[in-house]
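Enquirer: I have a structure here, written as structure tokens, and I will follow up with some questions on it.
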Amino acid sequence: MVDLRLDGKVSLVTGGGSGIGEAAAVLMADNGAKVGVLDFRQDAAEKVSKQIVNRGGSAIPLVADVSNPEQMNSAIGQLVNEWGRLDIVFANAGINGVWAPLEELDPQEWDRTLAINLKGTFLTVKYAIPYLKERGGSIIITSSINGTRVFSNTGATAYSCSKGAQVVFTQMAALELAQYKIRVNAICPGAIETNIDERTEKRDTEEVEVPVEFPEGSFPLEGGPGSPQQVANLVLFLASDASSHITGTPIWIEGAESLLRG
Ligand code: NAD
């Protein structure tokens, strides 16, 4: 029997207030983990934390911007103060940011996407390491098919660069942290039904779009986008001891979408 239970473990989930982070926080708590639900939207962190407690689990909300070193150091400290340890880190917070032709994309817009998606991943991992080192642990990083297998979302260059670099980060960190029995893996979702698109700014992308059409749709396996719960199942596996020999690996979870679109 495969044991996916996380009893006695403490988990940090960034971007836990919505979408993939919310589904993973709830599933990890359902499987026995105590969860720190971190988001820069306080209401969202509190809502998901309450949802977990109402289901009989343990969670606390943590309010921080993943791109801010002081806030991240203090939020992780707060989580460890509460439950005395840290075992699992789901570095998942991210934004699509602004999608625009390169000559129109402002340098500040580029910086913001990279600051949240890439520097945010670094800061989340950096401040968690001292606690994870005590007993070993599992870090899961949310990358994407964009920047790893798909390069046809023209206009999404900043996003794709941040997501591609997260896989490089995963591999560098996996080797560096192996001596402490800390595993580091990346998940690369295709289109997943969340609220991320509501927070995306697209500007003049049609000017640089490469027209490609898939008359039968671009989701070969299931005919549509994935759900946050399907991604959460993979996160639970990577968080648990069932994946104890897996580290430094990107795993695509996208129903063959990226194989078709390339
Ligand atoms: P979402 O917008 O539903 O959730 C993201 C959460 O992160 C939100 O609650 C938001 O408030 C929080 N957040 C954003 N910036 C933050 C910051 N600076 N500090 C703290 N919290 C912050 O989006 P989602 O689709 O669940 O996205 C989660 C991750 O999945 C992202 O890294 C995204 O790039 C990745 N992803 C999503 C898809 C998709 O189709 N939805 C596909 C591939 C990868």
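Numbered per my numbering, the sequence shown spans residues 741 to 1002. Ideal placement from N, C-alpha and C gives every residue a C-beta, glycine not left out.
1. Name the two residues that bound the continuous alpha helix (DSSP H) containing F862.
2. Could you give the residue range of the beta strand (DSSP E) that holds F909?
3. Does the beta carbon of Y899 fall short of 8 Å from some heavy atom of ligand 1?
4. Whole angstroms is fine: what's the gap from V950's alpha carbon to L915's?
5. Just the Cα atoms here: how many angstroms apart are R875 and D827?
6. If you draw a straight line from the C-alpha of D805 to the C-alpha of R852, how long is it?
7. Quick check: is any heavy atom of ligand 1 less than 8 Å from the C-beta of T882?
8. Please tell me whether, using a cut-off of 8 Å, the distance from the CB of E849 to the nearest non-hydrogen atom of ligand 1 is below it.
9. Using 8 Å as the threshold, is the stretch 986-996 in touch with the stretch 923-931, meaning 3 or more CB pairs across them?
10. Does the distance from the CB of F830 to the CB of V766 come in under 9 Å?
11. G837 and I856: beta carbons closer than 9 Å?
12. If I follow the unbroken alpha helix (DSSP H) through A769, where does it start and stop?
13. When we look at the beta-carbon of M812 and count the other beta-carbons within 10 Å, is it buried (16 or more) or exposed?
14. Closer than 8 Å to a non-hydrogen atom of ligand 1 - does that hold for the CB of A996?
15. For R939, report the span of its beta strand (DSSP E) as first-last.
16. Hey, is the stretch 794-805 in contact with the stretch 772-779, meaning 3+ C-beta pairs nearer than 8 Å?
17. Relative to the alpha-carbon of L854, which residue among L819, Q818, G824, T897 has its alpha-carbon at the smallest distance?
18. When DSSP labels each residue in this structure, what does D779 get in the three-state scheme?
19. On the three-state DSSP scale, how would you describe I835?
20. How is the alpha helix (DSSP H) around V1024 delimited, first residue to last?
21. I'd like to check one pair, P968 with E822: are the Cβ atoms closer than 9 Å?
22. Quick check: the Cα distance between Q848 and R745, rounded to an integer number of angstroms?
23. Which value, in whole angstroms, describes the spacing of the CA atoms of D770 and S814?
24. Taking only heavy atoms of ligand 1 into account, decide whether any of them is closer than 8 Å to the Cβ of E956.
25. Check this for me: beta carbons of I932 and P960, under 9 Å apart or not?
26. Applying the criterion that 16 or more other CB atoms from any shown protein chain within 10 Å of the CB defines a buried residue, is V793 buried or exposed?
27. Give the DSSP-derived three-state secondary structure of A926 in the structure shown.
Expert: The relevant details are as follows:
1. The residue given as residue 862 occupies position 122 in the sequence shown. F862 -> alpha helix (DSSP H) spans 860-872.
2. Residue numbering aside, residue 909 sits at position 169 when the sequence shown is read from its first letter. Segment 897-917 is the alpha helix (DSSP H) holding F909; no beta strand (DSSP E) there.
3. On the sequence shown, position 159 is the one that residue 899 refers to. Correct: Y899 has its Cβ closer than 8 Å to ligand 1.
4. Here residue 950 refers to the residue found at position 210 of the sequence shown. Here residue 915 refers to the residue found at position 175 of the sequence shown. Whole-angstrom Cα-Cα distance: 38 Å.
5. Taking the first residue of the sequence shown as position 1, residue 875 is located at position 135. Taking the first residue of the sequence shown as position 1, residue 827 is located at position 87. So the alpha carbons of these two residues sit roughly 7 Å apart.
6. Working through the sequence shown from its first residue, we reach residue 805 at position 65. Working through the sequence shown from its first residue, we reach residue 852 at position 112. Cα to Cα, D805 sits roughly 12 Å from R852.
7. The residue labelled residue 882 in the question sits at position 142 within the sequence shown. Flag set: Cβ of T882 near ligand 1.
8. On the sequence shown, residue 849 is found 109 positions in, with the first residue counted as 1. Checking every heavy atom of ligand 1 against the Cβ of E849, none is found closer than 8 Å.
9. yes
10. Mapped onto the sequence shown, residue 830 falls at position 90. Mapped onto the sequence shown, residue 766 falls at position 26. Taking 9 Å as the Cβ cut-off, F830 and V766 do not qualify as a contacting pair.
11. Start at 1 with the first residue of the sequence shown, and residue 837 comes out as number 97. Start at 1 with the first residue of the sequence shown, and residue 856 comes out as number 116. Closer than 9 Å, so yes.
12. In the sequence shown, the residue the question calls residue 769 occupies position 29. Per DSSP, A769 belongs to the alpha helix (DSSP H) from 759-770.
13. Position 72 of the sequence shown, counting from 1, holds the residue named residue 812. Label assigned to M812: buried.
14. Position 256 of the sequence shown, counted from the first residue, corresponds to residue 996. Not under cutoff, so the answer is no.
15. By 1-based counting over the sequence shown, the position of residue 939 is 199. Unbroken run through R939: none, as it is neither H nor E.
16. yes
17. Stepping through the sequence shown from its first residue, residue 854 is reached at position 114. Closest by alpha carbon: T897.
18. Within the sequence shown, residue 779 is the residue found at index 39, counting from 1. D779: strand per DSSP, three-state reduction.
19. Within the sequence shown, numbered from 1, the residue matching residue 835 stands at position 95. Residue state, collapsed to three classes: coil.
20. Since the first residue of the chain shown is 741 and the last is 1002, residue 1024 is not available in this structure.
21. If you number the sequence shown from 1, residue 822 lands on position 82. If you number the sequence shown from 1, residue 968 lands on position 228. Not closer than 9 Å, so no.
22. Here the question's residue 848 lines up with position 108 in the sequence shown. Here the question's residue 745 lines up with position 5 in the sequence shown. Near 43 Å, if we compare the C-alpha coordinates of R745 and Q848.
23. Against the sequence shown, residue 770 aligns to sequence position 30. Against the sequence shown, residue 814 aligns to sequence position 74. Spanning the two alpha carbons is a distance of roughly 26 Å.
24. Translated into the one-based positions of the sequence shown, residue 956 becomes position 216. Not so, every heavy atom of ligand 1 lies at least 8 Å from the Cβ.
25. Translated into positions along the sequence shown, residue 932 becomes position 192. Translated into positions along the sequence shown, residue 960 becomes position 220. No, these two residues do not count as a Cβ contact at 9 Å.
26. Indexing the sequence shown from 1 puts residue 793 at position 53. The residue is exposed, with fewer than 16 neighbouring Cβ atoms inside 10 Å.
27. Stepping through the sequence shown from its first residue, residue 926 is reached at position 186. Three-state DSSP puts A926 in a strand.
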